[in-house]
Amino acid sequence: MSWSNALAKEILKPESLIISSEIAVVIADKFPKAHHHYLVLPLADIPSIFHLNRSHLPLLEELHLLAKNVVEVKGVQWQDFNVGFHAEPSMQRLHLHVISRDFVSTSLKTKKHWNSFNTELFVPYTKLYDQLEKENSISRLPKSLKDELLAKPLICNQCEFVARNLPSLKGHLVGHLQDPKSVCQRTTSAD
DNA sequence: GTTCTAGAAC
DNA sequence: GTTCTAGAAC
């Protein structure tokens, strides 16, 4: 399918690059799911996390360094970010997500969007790095587990709130952004 | 990955 | 009647 190759084409466009090295580049996600959402991609044609082994550990470190660099360039706080890979990627080029934890964005539209960043469907950089070091490969999640994680309730990433639907979660997340202290005291029925 | 939209949920 | 979700896309 052609849409799944879009990232490989995107990194060839100079205007897409925010920063780059000889090994990897950083671009803005075309449909950002938070205020800040960047992708770090190797120039080498590595299709996915399932093509990695121990020999790629230095490459991963380079991706991670660029992730830190883009956050610095944007003048925002590293600790406000999730940095990692999708356990079940859709796009055919290895890409490290660098996404701010606000998740306030009009492009966040589905339960799948939320759960792919806020359950085990999101593999933090360090978790993937350690697994690769230990086992020399990354294994796919069983389909039953993927289905289970996709079906999980919409749990806020900043408090105990469980949203009844996506618009409710989005409203709640805006609350965190505007008033980080009081939003956690709201009852779940208020939304 | 997104768009579109039927019909389920409210 | 309106909002929201979830599956098809040749």
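Just so we're aligned, residue 59 is where the first sequence starts under my numbering, counting upward by one. Glycine included, every Cβ here is placed at the ideal spot set by N, Cα and C.
Nearest-angstrom Cα separation, counted from R198 out to E206
14 Å
Cβ-based neighbour list, P147, same chain, cut-off 6 Å, excluding 5 preceding and 5 following
S106
Can you give me the start and stop residues for the beta strand (DSSP E) that A125 sits inside?
Careful: A125 lies outside any beta strand (DSSP E), inside the alpha helix (DSSP H) at 115 to 131.
When we look at the beta-carbon of E191 and count the other beta-carbons within 10 Å, is it buried (16 or more) or exposed?
exposed
Is the beta carbon of H93 sitting closer than 7 Å to the one on S158?
yes
Short check: CB of V128 to CB of I213, under 7 Å?
Between V128 and I213, the CB-CB gap reaches or exceeds 7 Å.
Considering only residues of the same chain and omitting the five flanking positions on each side of I104, which have a CB-CB separation below 6 Å?
L152
Using three-state DSSP, classify V134 as helix, strand or coil.
In the structure shown, the three-state DSSP call for V134 is coil.
Straight-line Cα distance separating L115 from A102
14 Å
With DSSP as the reference, label V141 as helix, strand or coil.
Strand at V141.
Residues that DSSP places opposite Y96 in a beta bridge
A86, V156
Throw me the rounded Cβ distance for the Y25 and V141 pair, which I believe falls under 8 Å.
Lying outside 59 to 249, the shown extent of the chain, residue 25 is not represented and no answer is given.
Does DSSP classify P225 as helix, strand or coil?
DSSP, reduced to helix, strand and coil, places P225 within a helical segment of the structure shown.
Continuous beta strand (DSSP E) stretch holding S174: start and end
Note, S174: premise wrong, no beta strand (DSSP E); alpha helix (DSSP H) at 169 to 176.
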